[in-house]
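Participant: Before we start, here is the structure in question, set down as structure tokens.
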């Protein structure tokens, strides 16, 4: 599972994901990609599940690039605990994904197989997504 080796702070503020993605909105590595269409936090487990679904469907042919990294620690308090007494312990890691962000890229396979693989990956994610393809000139 993806997570940072070390961070400056153990716990982070929740924050809001506002506006369109500032970067990472164009294909950089592969010919096909999966683009997020709404703001959301995506957990390391969801990223891993999507990656596994893609690589399994492609029978390990081609190449997969993961363009998001879970660097946000998400904390929560245990069930049935009273208010107060500080913030909970970090539970999992998440990536903030803004609309327009390319999350995964695929190269080295044909368009039909890439679309099927990315559709399977999209089913594992909590955001609406769009299949994008490099424009060949």
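Residue numbers (the working numbering): 5 to 141.
Backbone N, C-alpha and C fix where the C-beta goes; we use that ideal spot for every residue, glycine too.
Note that the structure is a prediction, hence the values are computed from the model and not measured.
1) Nearest to residue 66 by CA position, among 105, 93 and 113, is which residue?
2) Starting from the C-beta of residue 58, find all residues in its chain whose C-beta is less than 6 Å away, skip the five residues before and the five after it, and write them out in chain order.
3) Please state whether DSSP places residue 37 in a helix, a strand or coil.
4) Report yes or no: do the region 92 to 111 and the region 18 to 31 share at least 3 C-beta pairs separated by less than 8 Å?
5) Using CA atoms only, rank isn't needed, just tell me which of 19, 136, 119 and 63 is closest to residue 78.
6) Where does the unbroken alpha helix (DSSP H) through residue 59 begin, and where does it stop?
7) For the candidate residues 115, 98 and 138, whose alpha-carbon lies nearest to that of residue 50?
Facilitator: The structure says:
1) Translated into positions along the chain shown, residue 66 becomes position 62. Selected option, being the one with the closest Cα: 113.
2) Translated into the one-based positions of the chain shown, residue 58 becomes position 54. If we look at residue 58 and ignore the five residues flanking it on each side, its Cβ neighbours are 68, 121 and 125.
3) Residue numbering aside, residue 37 sits at position 33 when the chain shown is read from its first letter. In the structure shown, residue 37 falls within a strand segment according to DSSP collapsed to helix, strand and coil.
4) Contact between the region 92 to 111 and the region 18 to 31 is present, because at least three Cβ pairs lie under 8 Å.
5) For the purposes of this step, residue 78 is taken as the residue at position 74 of the chain shown. Shortest Cα-Cα distance from residue 78 to any of 19, 136, 119 and 63 involves 19.
6) To locate residue 59, count along the chain shown from 1; it is residue 55. Its alpha helix (DSSP H) spans residues 48 to 61.
7) Counting from one through the chain shown, the residue named residue 50 turns up at place 46. It is 98.
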